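Notes follow once the structure below has been shown.
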Amino acid sequence: MTPSLAERARALDPWWFQFEADGETFGGEVPRDTSRTATFFEWVEKLQLPVRTILELGSHEGNHTLQLASHPGVEKVVGLEGRSDNIARANFVKAAFDLPSIEFHEHNLEHFDPADWPRFDAVFCSGLLYHLPNPWELLPKIARLARHCVLVDTLYSEWPRDLVERTAGQWCNEPTGALAGFSERSFLLSFKSIAMLMMEHGLVVHHVTDYGQPRGKHHRILIFAEKTEAVRWKHWRSKAQSTTKETPEEGGDNAAKRALK
Ligand SMILES: C[S@@+](CC[C@H](N)C(=O)[O-])C[C@H]1O[C@@H](n2cnc3c(N)ncnc32)[C@H](O)[C@@H]1O
Numbered sequence: 003m004t005p006s007l008a009e010r011a012r013a014l015d016p017w018w019f020q021f022e023a024d025g026e027t028f029g030g031e032v033p034r035d036t037s038r039t040a041t042f043f044e045w046v047e048k049l050q051l052p053v054r055t056i057l058e059l060g061s062h063e064g065n066h067t068l069q070l071a072s073h074p075g076v077e078k079v080v081g082l083e084g085r086s087d088n089i090a091r092a093n094f095v096k097a098a099f100d101l102p103s104i105e106f107h108e109h110n111l112e113h114f115d116p117a118d119w120p121r122f123d124a125v126f127c128s129g130l131l132y133h134l135p136n137p138w139e140l141l142p143k144i145a146r147l148a149r150h151c152v153l154v155d156t157l158y159s160e161w162p163r164d165l166v167e168r169t170a171g172q173w174c175n176e177p178t179g180a181l182a183g184f185s186e187r188s189f190l191l192s193f194k195s196i197a198m199l200m201m202e203h204g205l206v207v208h209h210v211t212d213y214g215q216p217r218g219k220h221h222r223i224l225i226f227a228e229k230t231e232a233v234r235w236k237h238w239r240s241k242a243q244s245t246t247k248e249t250p251e252e253g254g255d256n257a258a259k260r261a262l263k
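For the sequence shown, the positions run 3 to 263 when this note's numbering is used.
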């Protein structure tokens, strides 16, 4: 008899999240979070951003990847994850939900070079930044790769006491385990540092969810930001459309391009 999905998944234990496909439950015990992708698409739709390709950083078992790839209009999601066992579970999830538009790659994001990747319409980065010893390096790289928008969900330092390269935060001892980072220490950025790094690298913050209660010792936020070149483009496009007799479909864009020259 063919083994069930749950039996086959057991070969990849231990799982964190619980998944359900074709009426069968498999994986771990933790209920899947869907609020982050819901907020992400709420803002993508509010701002009418053309998001077809998404880069996810720290994709773990593919929980968010699956949600991102299942959204109408999304054509490709690339998940980068540093642990091969997490990638094996994520590929199991990809197969169980039959989503060929997903690709996972093993990659230590402490050493991420954006030049190795094409640009993506959006970058989705949840639960990763505070595991890195050099998060001030990753944020500008994310900003460079994103064509339209970025979601960052992270713990932050409420009482920054350390300064690295003008960036305030605090050094922490990094735990071990399937959800942790790869270095002994990680740097927890302050909210102000995150906001400043984003602004300096062309990201305009449209939305912040402050989770309020500290999770463990630290506070957590979700930030949705739009790339400023996209904001500038939209501004010129609407201006050009209102001053041209050309049709919005073609002429508006041509006029906007002329205006930007
Ligand atoms: C706390 S989990 C968050 C998982 C998921 N993104 C979420 O929001 O539910 C952190 C994930 O990032 C991965 N990770 C941590 N440090 C990493 C690094 N330097 N490079 C690549 N992946 C890393 C971990 O293996 C884990 O899958």
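Quick reminder that beta carbons are idealized off the backbone N, C-alpha and C, glycines included. Quick caveat, the model's predicted, so the values are computed rather than measured.
Contact check, residue i vs residue j, beta carbons under 8 angstroms
| i | j | result |
| --- | --- | --- |
| residue 125 | residue 157 | no |
| residue 58 | residue 79 | yes |
| residue 61 | residue 82 | yes |
| residue 205 | residue 145 | yes |
| residue 65 | residue 19 | yes |
| residue 218 | residue 195 | no |
| residue 94 | residue 14 | yes |
| residue 228 | residue 151 | yes |
| residue 111 | residue 72 | no |
| residue 180 | residue 87 | yes |
| residue 209 | residue 45 | yes |
Three-state secondary structure assigned by DSSP to residue i
| i | result |
| --- | --- |
| residue 94 | helix |
| residue 137 | helix |
| residue 255 | Model confidence at residue 255 stands at a pLDDT of 46, short of 50, so the residue's coordinates are unreliable; what they give is reported in the following sentence. Residue 255: helix per DSSP, three-state reduction. |
| residue 231 | helix |
| residue 240 | helix |
| residue 159 | strand |
| residue 147 | helix |
| residue 99 | coil |
| residue 46 | helix |
| residue 131 | helix |
| residue 108 | strand |
| residue 41 | helix |
| residue 164 | strand |
| residue 72 | helix |
| residue 115 | coil |
| residue 261 | Model confidence at residue 261 stands at a pLDDT of 39, short of 50, so the residue's coordinates are unreliable and nothing is read from them. |
| residue 86 | helix |
Sequence-distant residues of the same chain with beta carbon closer than 6 angstroms to residue i, five excluded per side
| i | result |
| --- | --- |
| residue 211 | 224 |
| residue 160 | 221 |
| residue 169 | 138, 195 |
Residue interval of the alpha helix (DSSP H) (run including residue i)
| i | result |
| --- | --- |
| residue 202 | 193 to 202 |
| residue 13 | Segment: none, residue 13 is in no alpha helix (DSSP H) and carries neither H nor E. |
| residue 61 | Where residue 61 is concerned, there is no enclosing alpha helix (DSSP H), given that its DSSP letter is neither H nor E. |
Own chain residues within Cβ distance below 7 angstroms of residue i, not counting five before or after
| i | result |
| --- | --- |
| residue 188 | 132, 133, 134, 135, 174, 176 |
Residue i: first and last residue of the uninterrupted beta strand (DSSP E) it sits in
| i | result |
| --- | --- |
| residue 20 | 20 to 23 |
| residue 83 | 78 to 83 |
| residue 208 | 205 to 212 |
| residue 27 | 26 to 29 |
Contacts around residue i, its chain only, beta-carbon distance under 8 angstroms, and the 5 residues preceding and following it disregarded
| i | result |
| --- | --- |
| residue 36 | 69 |
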